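Protein sequence lines correspond, in order, to chains A and B. Each number in my numbering corresponds to the 1-based position in the first sequence with 14 added. Each number in my numbering corresponds to the 1-based position in the second sequence with 10 added. Notes to accompany the following structure.
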Amino acid sequence: MQQIIRALLVSLWFMFLTFPILVIKVDTINDIIVWRWMNALYIGAGVLLLQALWHAWKHVHALRKEDRDRDAVAWAVLVCLPVLWLAWIATRNTDKPLHVADKVFMILVAPLWLVDFLRSPQDRQPDWHDWPCMILFPPSLLVRAYLGLFRARGEAVSIPGVEHPNLLQTMLENQKAMRPLYLLLLVLAVCYPQMVEFYQTNIMVNFMIWIVLGLGLNIVIGLAGLLDLGFVAFYAVGAYAYALLNHHFGLSFWYVLPIGMVFGAVCGLLLGYPVLRLRGDYLAIVTLGFGEIIRLVLENWSSFTHGPSGISNIDRPPFVTDLSIMQATEYMYYIMLGLLLMTIFVVTRLKNSRIGRAWLALKEDEIACQAMGIDKTKTKLTAFALGATWAGLVGVVFAAKTTFINPMSFTLMESIIILSIVVVGGMGSIPGVITGALVLILVPEWLRGVEEYRMLAFGAFMVMVMVFRPQGLVSARRKVYQYDKAKAVNAHE
Amino acid sequence: MNNPALDVRGLCMDFGGLRALNQVELEVRQGEIVALIGPNGAGKTTFFNCITGIYTPTQGEIFALPDGKNRVKINGRKPNHVTELGMARTFQNIRLFPSMTVLENVMIGRHCRNRSSILGSVLRDRHTRAQEAEVVARSYEMLELVGLERWANELATNLPYGAQRRLEIARAMATEPFLLLLDEPAAGMNPQETLRLEELIDHIRDTYHIAVLLIEHDMKMVMSVSDRIYVMDYGQRIAEGTPEEVSKNPDVIKAYLGEDAHD
Ligand SMILES: Nc1ncnc2c1ncn2[C@@H]1O[C@H](COP(=O)(O)OP(=O)(O)OP(=O)(O)O)[C@@H](O)[C@H]1O
Ligand SMILES: [Mg+2]
Numbered sequence: 015m016q017q018i019i020r021a022l023l024v025s026l027w028f029m030f031l032t033f034p035i036l037v038i039k040v041d042t043i044n045d046i047i048v049w050r051w052m053n054a055l056y057i058g059a060g061v062l063l064l065q066a067l068w069h070a071w072k073h074v075h076a077l078r079k080e081d082r083d084r085d086a087v088a089w090a091v092l093v094c095l096p097v098l099w100l101a102w103i104a105t106r107n108t109d110k111p112l113h114v115a116d117k118v119f120m121i122l123v124a125p126l127w128l129v130d131f132l133r134s135p136q137d138r139q140p141d142w143h144d145w146p147c148m149i150l151f152p153p154s155l156l157v158r159a160y161l162g163l164f165r166a167r168g169e170a171v172s173i174p175g176v177e178h179p180n181l182l183q184t185m186l187e188n189q190k191a192m193r194p195l196y197l198l199l200l201v202l203a204v205c206y207p208q209m210v211e212f213y214q215t216n217i218m219v220n221f222m223i224w225i226v227l228g229l230g231l232n233i234v235i236g237l238a239g240l241l242d243l244g245f246v247a248f249y250a251v252g253a254y255a256y257a258l259l260n261h262h263f264g265l266s267f268w269y270v271l272p273i274g275m276v277f278g279a280v281c282g283l284l285l286g287y288p289v290l291r292l293r294g295d296y297l298a299i300v301t302l303g304f305g306e307i308i309r310l311v312l313e314n315w316s317s318f319t320h321g322p323s324g325i326s327n328i329d330r331p332p333f334v335t336d337l338s339i340m341q342a343t344e345y346m347y348y349i350m351l352g353l354l355l356m357t358i359f360v361v362t363r364l365k366n367s368r369i370g371r372a373w374l375a376l377k378e379d380e381i382a383c384q385a386m387g388i389d390k391t392k393t394k395l396t397a398f399a400l401g402a403t404w405a406g407l408v409g410v411v412f413a414a415k416t417t418f419i420n421p422m423s424f425t426l427m428e429s430i431i432i433l434s435i436v437v438v439g440g441m442g443s444i445p446g447v448i449t450g451a452l453v454l455i456l457v458p459e460w461l462r463g464v465e466e467y468r469m470l471a472f473g474a475f476m477v478m479v480m481v482f483r484p485q486g487l488v489s490a491r492r493k494v495y496q497y498d499k500a501k502a503v504n505a506h507e
Numbered sequence: 011m012n013n014p015a016l017d018v019r020g021l022c023m024d025f026g027g028l029r030a031l032n033q034v035e036l037e038v039r040q041g042e043i044v045a046l047i048g049p050n051g052a053g054k055t056t057f058f059n060c061i062t063g064i065y066t067p068t069q070g071e072i073f074a075l076p077d078g079k080n081r082v083k084i085n086g087r088k089p090n091h092v093t094e095l096g097m098a099r100t101f102q103n104i105r106l107f108p109s110m111t112v113l114e115n116v117m118i119g120r121h122c123r124n125r126s127s128i129l130g131s132v133l134r135d136r137h138t139r140a141q142e143a144e145v146v147a148r149s150y151e152m153l154e155l156v157g158l159e160r161w162a163n164e165l166a167t168n169l170p171y172g173a174q175r176r177l178e179i180a181r182a183m184a185t186e187p188f189l190l191l192l193d194e195p196a197a198g199m200n201p202q203e204t205l206r207l208e209e210l211i212d213h214i215r216d217t218y219h220i221a222v223l224l225i226e227h228d229m230k231m232v233m234s235v236s237d238r239i240y241v242m243d244y245g246q247r248i249a250e251g252t253p254e255e256v257s258k259n260p261d262v263i264k265a266y267l268g269e270d271a272h273d
């Protein structure tokens, strides 16, 4: 009796869990919600049936403990059944294709479930439904439930079938929903060094440096569409600017920070000017050459740059009192956090400004852009200069953080990583760049434990992104302008 | 009404050995709708490219008269300067910015009429905000003019063909031109759309008092919309006059129907 009640409760629990996916269906075309109650019934009945099966199986199992091989097969069948069944229920009779996220869940979750079941049948607790509950419940539903709290109002009329945004994208686009999350993130970021070891803080500083580099290159590539493979040169210029000015004149970090930005910008202009006429592959080759030239100069002009042996004993950013290495790292972390926030702020504003639109237009069609009155030369040069400014800035930070630099930190590989961050994350999108840095910098750091497979996974991942989401993980969205004519007229009067 | 807006004299354009334009003379007066017609490959688009600064003509002089009095020589100027001066064009093969929204496409047209700086954009001070609001408002107005305001936040590439052509007109109009250059605006449109386009061109001329020079193959439209017509063939101007005069001109008939059979 007790078992029957329990089984009923489990069924109800399942009906509740799958409710948002299977019962509620939002018809985006007619803007109505379709309730598919039958699906809930199917789920309930199915889960009941499965539990009956399960108990039957347990009964048999108890009788024949010794038969291990047959066990495994039976397990597989038993586990496959609900998976197939769930997949079938979820996909059948839908005139609209499943949400991408749900599909991913079906594909990713089902095997996980399977693996977990097959691993050690003997020490698994009989409550098999706990697992699927846990894995079915979290991300997809949580995100949906969360987004449900902030139904976006006045969304753009979208033409269906153009692009299926993924869950991450939907999430990021909902400004209202993101605000508390951003706040949480900020609080976390501020508390982070207090919560973790010194080593982790250091990794975080690195991570933020890469984000800023990515955001800088994003201006050049993502917004203005100029394929720049020598971006690391500007980073090097910033780093060497600080190292040399500090070494020879003892200038402190705070003075060199703006100087580094200016140097970066000037170098951006110096590179930009001769390559104004070039586009695409040609531009890529020339910028690649530029990056190499800077590196070779750094390596060979020993009297000025100290050659391959580099410059050591660079001062850390000064603070009112002397800091231990750990405290210095923490201090660096906060400085970098501040700079990162500033970068995000500036780049966000630029993106939807007059110049940001001009960059995009230039990327899309150079001739039409000029014919609409945009000065190609000026627009391209500002893109190069503004992109390089950020690289110069973090170059200074990098030198101050490591206290030692040599040309090996500024090779083509670095340029390529920055480029990958932008491309994998999503060209032109700021959350995209951050996601890209997260995936390409932070995750490999965390995976240091499995060193051997790291690069393999990294490569496989890149290929997969390029195949399945060539536009990057988060694709850039254009700003939606709300124009209220009545309001505008009132304002004029 | 009678002051000239565009004055082209002895325009020649060579591509290597090919003379695409040969001593072309053309004048557009303020507030006038002028059509430029001719068989395929006659050099009409090349003519547009020369006067908008995309090509530098080999010979000849092009004068723009924004206010009808001051003659500004524009050959050799960059396309963006020409547009700033007040000559805006559309393209035969549509050249929108596909991954920008419809409204943003028009906003690009406002670029040269707006002076907000980079620093201003970052700080978003009052001046910049006012300018941005003005850009949005004017762009919206242009979308309403061509009847696309419903699609304002849609990506340009998702628009149907005819709407894309009208969007190009809106974008060009956003630059506040005194002369609008339309390269085959009715291409790919059905008869109803063409009729609405005709009305739109008339409407633009009447409300904004600007001159229109249009290249078009649709003779019905050309005959009904234009005040004067220029006919080109093999890079040369072969006729000029009112629609009636041109349609009776034997040279024009010959160019269109061909007389190769006799040779
Ligand atoms: N960039 C160029 N380089 C070389 N030849 C060109 C170039 N542009 C145009 N031409 C040639 O100039 C001639 C005129 O071309 P144009 O495009 O101006 O013709 P059109 O009158 O616009 O024709 P259509 O009605 O087909 O648009 C053609 O013979 C063309 O091949
Ligand atoms: Mg043409």
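Ideal Cβ positions, reconstructed from N, Cα and C, are used throughout, including at glycine. Just so it is clear, the structure is predicted and the values come from calculations on it, not from any experiment.
When only Cα atoms are considered, F304/A and F418/A end up about 23 Å apart.
By the criterion of a C-beta distance shorter than 6 Å, S489/A is surrounded in its chain by G440, once the five residues flanking it on both sides are discounted. Taking the Cβ atoms as the reference, F398/A lies roughly 6 Å from L285/A, within the contact range of under 8 Å.
Taking the Cβ of L28/B as the reference point, at least one heavy atom of ligand 1 falls within a distance shorter than 7 Å. In the three-state reduction of the DSSP assignment, F73/B falls in the strand class, which pools E and B. DSSP lists D243/B as the beta-bridge partner residues of Q246/B. Contact between L191/B and L155/B does not hold, since their C-beta atoms are separated by about 17 Å, which reaches or exceeds 8 Å. In the displayed model, M183/B falls within a helix according to three-state DSSP. Per the DSSP secondary-structure output, E178/B pairs with nothing in a beta bridge. Within 7 Å of the C-beta of T55/B there is at least one heavy atom belonging to ligand 2. Inter-residue distance for F107/B and T167/B is about 8 Å (C-alpha atoms, whole angstroms). Contact between the region 229 to 237 of chain A and the region 399 to 408 of chain A is present, with at least three C-beta pairs closer than 8 Å.
Under the 8 Å criterion on CB atoms, T357/A is classed as non-interfacial with respect to chain B. If you look at Q208/A, you'll find it in the alpha helix (DSSP H) that goes 189 to 209.
The beta carbons of I358/A and I444/A sit about 6 Å from each other, so the pair counts as a contact at 8 Å. Residue environment analysis places V360/A among the buried positions, since at least 16 neighbouring C-beta atoms fall within 10 angstroms of its C-beta. Chain A places no beta carbon closer than 8 Å to that of S257/B, leaving this residue out of the contacts. Annotation: A147/B to R99/B spans about 22 Å, alpha carbon to alpha carbon. Under the 8 Å criterion on CB atoms, F101/B is classed as interfacial with respect to chain A.
Taken from the Cβ of Q189/A, every heavy atom of ligand 2 lies 7 Å or farther away.
Residue-level contact by beta carbon holds for G387/A and chain B, with a gap shorter than 8 Å. With a threshold of 8 Å between beta carbons, Y287/A makes no contact with chain B. Proximity to Y348/A across I223/A, M52/A, A54/A peaks at I223/A, based on C-alpha coordinates. Closest by C-alpha distance to I72/B, out of G20/B, G48/B, G27/B, K264/B, is G20/B.
Residues of the region 110 to 132 of chain B with a C-beta atom less than 9 Å from some C-beta of chain A are M110, T111, L113, E114, N115, M117, I118, G119, R120, H121, C122, R123, N124, R125, S126, S127, I128, G130, S131, V132, listed in chain order.
Looking at the DSSP output, G251/B bridges to I239/B. Shown here for G96/B: same chain residues with a beta carbon closer than 8 Å to its own, the five before and five after excluded, namely A74, P76, T185, E186, P187, F188, L189 in chain order. In the DSSP assignment, C22/B falls within the unbroken beta strand (DSSP E) covering 14 to 25. A contact between stretches requires three or more CB pairs, one per stretch, nearer than 8 Å, and the region 47 to 55 of chain B meets this requirement with the region 240 to 259 of chain B. Of the other Cβ atoms in all chains shown, fewer than 16 fall within 10 Å of the Cβ of W51/A; this residue is therefore exposed. In the three-state DSSP reduction, W315/A falls in the coil class, being neither helix nor strand.
Secondary structure of L354/A (DSSP, three-state): helix. Only residues of its own chain outside the window of five on either side were considered, and among them S126, G130, S131 have a CB closer than 7 Å to the CB of T138/B, listed in chain order. Under the rule that a run must span 4 or more residues, the alpha helix (DSSP H) segments found entirely inside the region 428 to 466 of chain A read 444 to 451, 457 to 460. Comparing C-alpha distances from C22/B to each of E159/B, N13/B, H227/B, E35/B shows the shortest one belongs to E35/B. Between ligand 1 and the CB of G278/A, the shortest heavy atom gap is not smaller than 7 Å.
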